[in-house]
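Taken in sequence, the protein lines are chains F and P. Going by the working numbering, 409 is the number at position 409 of the first sequence; the sequence numbering is gapless. Heads up, the working numbering is the position in the second sequence plus 436, with the first residue counted as 1. Every residue, glycine too, gets a C-beta built ideally from N, C-alpha and C.
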Amino acid sequence: MKIMRKMFLVALVLLVALQMGFANGSSEAKAETLTIWSGYPEMEKFYKQAAERFKETHPNVTVEIVSHPLREFEQKLSATIPSNTVADIIEVSTYANQKFIDAGLMPALSDEVLKFAKADGRYSSFALNNNTTNGVIYGLPLFQGRTALFYNTDMFAEAGLTRAPQTFDEMYQYAKVLAKYDEKGNLTRSGHSLRLSGQGSGVAEKFWFTLYPMGATIIEEGKTPGTYHAAYNNDAGRKALQYYIDAVYKDHWDDQLIKHDTEAFELGQTAMFFRESWVIGDIAAKAPGLNYETAPVPKDARWGRITNVENLYVTKASKNPELAWEFVLSLVDEDNQRWMFENVGWLPCRNDINIADIIERHPQFAAFVYTDPEYEEYGYIPIAAFDEVTTKLAERLVTAFLDSSLNGNSAGIAKTVSDAAAETNEILKRYKLFGE
Amino acid sequence: MNRNNANAITLRRRMNETERKKRIFVYCSILPVIAIFAFVRIIPIFKNFVYSLFESTVVNPMQEFVGLKNFVDLFRDPLFLLSLRNTSIFALFVTVFSVVLAVLLAALLVNQSKLSPLYETLYFLPVITPMVPVAVVWKWIYDPTYGLLNYILSWFGIQPIGWLVYPNTAMVAIIIMSVWKIVGYNMIIFLVGMRDIPETYIEAARIDGASTNQVFWKVIIPLLKPILLFVFVISTINSFNVFTQVFVMTSGAQGAPGNAVRTIVFDIYENGFRYFRTGYAAAEAVVLFAIILLLTFIQFGISGGSGDKKIKIGKGGAN
């Protein structure tokens with residue numbers, strides 16, 4: 001019995017020693033897993049190829065990629081960031097992440113990444129400022145969602161239109177000409193696909209595409225820095241709503257029954273619509289035969305396009321933040337940024353990368369990189385209240401677009417705008433962010 | 437005598453000891469289940485009541501004690517009042533239609549035939565299908581341009597209807613879909629109840645000259661009272677908790693107008709998980725709890741407690 005016990009002990013010691021030996025021997029190639037979450041399913045293929053490329057220099061690292069539709073993704077973050085169960089890396093816009101930054105749940109850029117981000121000419125001040133809270137930069141810009149006008153060239157040629165509209169008035173007239181109806185008067189093709197329905201903040205964001213050029217915006221900074229108030233209860237705000245109401249009821253070149261957005265454009269059910277550059281990749285995959293062009297957003301009282309910066313953040317849940325930042329830096333290297341632009345369609349944030357040859361191959365990208373001193377860029381305000389402001393404005397807009405009594409009713413339009421602005425200000429007051 | 441007493445005392449002690457051990461065993465056996473139930477159900481419900489009295493932030497659901505302020509704000513909030521109204525309309529129609537239709541279907545299927553299992557399966561299939569894909573499919577069915585429903589209606593010369601576009605039709609559309617989803621479950625419960633009614637009751641009524649209609653209304657329905665109560669209560673609770681179909685059918689560029697079909701749980705979700713107003717959302721949940729509790733008591737009251745206790749039916753004597 002004693003011999004048996006001794007043999008057992010010896011075997012145990014040997015086993016432990018062997019395990020320790022293996023562990024030491026393999027410490028160089030210790031398997032690491034990084035997780036990355038995205039709110040853009042079309043970005044999955046980008047992360048996959050980037051992970052494969054990263055594996056060439058880091059054979060022990062496996063990257064797990066999970067993507068969800070944007071709104072579901074934002075909700076997933078709400079549940080997982082406070083509970084520290086989020087992925088190592090998240091790709092998200094500042095406006096959606098701001099509440100977590102304000103709550104101290106997001107780490108700032110590491111020193112090395114900060115140095116990279118601040119290098120001369122690498123990122124625009126717009127992209128960096130968008131990521132800055134109280135002087136600290138939190139995310140590394142990956143791509144930007146800029147808006148441009150997509151238009152179907154076959155439909156334009158059929159209607160005798162030879163160029164893209166350059167003003168909102170012109171675009172309205174184009175839309176009237178381009179709309180088609182069946183014998184019963186039902187719209188079978190919208191002249192310009194506006195966002196008229198759906199939950200979340202999307203309707204307000206798309207309304208902003210019209211609101212801003214007309215001279216208003218959703219909220220603007222008050223006299224006291226860091227405070228805000230509604231900035232659309234004015235002539236420009238009323239004009240923007242009037243534009244939508246006229247489109248649906250007076251001239252009926254769009255309505256709620258017809259398909260909308262990218263789907264409508266790809267199906268040939270609309271002649272024009274505003275969207276970001278990812279649509280180019282989507283059309284290439286789903287409607288390769290579609291003949292279309294893009295153009296800068298038309299002018300009105302002013303000229304501008306929305307730019308929404310999507311950033312990469314390493315989270316507090318990451319067990320190996322150094323490795324995670326290393327992977328993040330690889331995602332924004334020249335090869336990966338070019339691959340993303342050409343294959344997914346999202347415009348890189350880095351300014352120091354040559355993408356001219358890609359634009360030459362895909363001329364539809366040109367409108368997204370078009371610059372002009374008068375062509376302004378505006379974007380989401382990085383405050384936690386902004387999501388609620390835009391979501392509640394969107395809910396009111398959807399109701400207004402369904403209200404045919406607003407047709408030719410300037411008092412009704414004024415009241416709708418005024419009520420919505422009052423609600424915006426109430427939300428800002430609740431967040432203690434209101435200022436005249 | 438003393439010896440007998442002593443034996444009796446010993447026997448009683450042993451029995452008490454055995455009983456005590458049995459009880460300990462039983463309590464130990466159910467303790468894990470109770471612990472899990474308390475952890476995932478009871479404690480969160482209790483915490484929800486506590487949170488409803490606090491102003492919250494994303495990291496601290498108990499940031500500041502505000503007493504009943506959240507409840508006062510709720511009843512001044514037009515979105516909450518709208519969602520309360522919408523949920524009540526939804527619950528009323530879904531409960532009534534799903535119960536009435538289920539009783540009728542059960543009455544049609546109560547007599548066993550070769551095809552009965554097939555019909556029962558067909559009616560029950562929607563119940564076991566997950567809500568998200570079902571809601572997505574119904575969204576396609578309701579599509580104004582390519583939807584199956586408008587296509588069928590076009591055979592009769594009816595113009596395309598934007599089922600999910602306009603507030604009045606959006607609510608109707610979601611009610612129709614929800615009734616379709618739940619009616620199979622209610623039908624199976626009624627079917628079990630009807631098949632449990634002793635044949636002798638029906639035969640006796642027939643011998644007394646009762647018509648089929650009279651048998652149904654005067655014999656079957658009164659005997660189904662406890663089941664009717666159960667189905668009404670369950671359907672009401674489920675209807676007040678409506679969320680998934682509303683969420684799916686309002687999402688995307690072709691989604692229904694959010695406020696037209698805004699329901700309480702949707703509002704709770706938006707305030708709690710989108711705007712991080714946890715305390716406010718918790719107060720909404722407390723109101724929802726109170727409404728469901730009140731309605732359940734009313735339903736019990738109307739049906740005279742837990743059903744008609746005087747009538748004993750079924751082989752096991754279940755009431």
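In terms of residues, what are the limits of the alpha helix (DSSP H) holding residue 378 (chain F)?
From DSSP, residue 378 (chain F) is part of no alpha helix (DSSP H) but of the beta strand (DSSP E) over 376-378.
Could you tell me which of F:401, F:324, F:173 sits nearest to residue 113 (chain F), measuring between CA atoms?
F:324
Would you decide whether residue 294 (chain F) is buried or exposed? Buried here means 16 or more other CB atoms lie within 10 Å of its CB.
buried
Counting only C-beta atoms, is residue 592 (chain P) closer than 8 angstroms to chain F at any point?
no
Using a C-beta to C-beta distance shorter than 8 angstroms, which residues of chain P count as neighbours of residue 184 (chain F)?
595
What do you get for residue 768 (chain P), buried or exposed, if any count of 16 or more other CB atoms within 10 angstroms of its CB means buried?
There is no way to answer for residue 768 (chain P), as the model of chain P reaches only from 437 to 755.
Look at the Cβ atom of residue 336 (chain F), then the Cβ atom of residue 50 (chain F), and state whether they are nearer than 8 angstroms.
yes
Since residue 598 (chain P) meets chain F, which of its residues come closer than 8 angstroms, beta carbon to beta carbon?
256, 257
Three-state class that DSSP yields for residue 585 (chain P) in the structure shown
helix
Please state the DSSP three-state secondary structure of residue 607 (chain P).
helix
My output table needs one value for residue 622 (chain P): the three-state DSSP class, helix, strand or coil.
helix
Please state if the CB of residue 492 (chain P) and the CB of residue 499 (chain P) are separated by a distance shorter than 8 angstroms.
yes
Through-space distance from residue 445 (chain P) to residue 548 (chain P), alpha-carbon basis:
59 angstroms
Pick out whichever of P:728, P:719, P:730, P:729 has its Cα sitting closest to the Cα of residue 485 (chain P).
P:719
Check for me: the beta strand (DSSP E) holding residue 313 (chain F) runs from which residue to which?
304-314
is_contact[residue 709 (chain P), chain F] using C-beta, thresh 8 angstroms:
yes
Name the chain P residues that come within less than 8 angstroms of residue 71 (chain F), Cβ to Cβ?
687
Buried versus exposed call for residue 439 (chain P) [16 or more other C-beta atoms within 10 Å across all chains shown]
exposed
Using a Cβ-Cβ cut-off of 8 angstroms, state whether residue 103 (chain F) counts as contacting chain P.
yes
How should residue 313 (chain F) be labelled, buried or exposed, when 16 other C-beta atoms within 10 angstroms of its C-beta is the threshold for buried?
buried
When DSSP builds the beta bridges, which residues end up paired with residue 137 (chain F)?
F:132
Roughly how many angstroms separate the alpha carbons of residue 536 (chain P) and residue 670 (chain P), rounded to a whole number?
14 angstroms
Interfacial residues, the stretch 396-413 of chain F to chain P, with Cβ spacing under 8 angstroms
398, 399, 402
Assigned exposure category for residue 311 (chain F) - 16 Cβ within 10 Å defines buried:
buried
Would you report the Cα separation of residue 195 (chain F) and residue 203 (chain F), rounded to the nearest angstrom?
6 angstroms
Measuring alpha carbon to alpha carbon, tell me which of P:504, P:729, P:578 ends up nearest residue 672 (chain P).
P:729
Pairing CB atoms from the stretch 259-277 of chain F with CB atoms from the stretch 148-157 of chain F, are three or more of them under 8 angstroms?
yes
The stretch 340-352 of chain F touching the stretch 59-72 of chain F, judged by at least three CB pairs closer than 8 angstroms:
no
Buried/exposed call for residue 698 (chain P), threshold 16 Cβ in 10 Å:
buried
Residue 122 (chain F) (DSSP reduced to helix, strand or coil):
coil
Determine the extent of the alpha helix (DSSP H) in which residue 245 (chain F) is found, giving its start and end residues.
235-245
So, under 8 angstroms CB-CB, residue 531 (chain P) and residue 675 (chain P) are touching, yes? Tell me the CB distance rounded to an integer number of Å.
5 angstroms
Should residue 198 (chain F) be counted as a contact of the ligand ADP given a C-beta to heavy atom distance under 7 angstroms?
You won't find the ligand ADP in this model; it holds no ligand whatsoever.
Taking the straight line between their C-alpha atoms, what separation do you get for residue 162 (chain F) and residue 559 (chain P)?
57 angstroms
Roughly how many angstroms separate the alpha carbons of residue 595 (chain P) and residue 48 (chain F), rounded to a whole number?
47 angstroms
Opposing strand residues paired with residue 152 (chain F) [DSSP bridges]:
F:292
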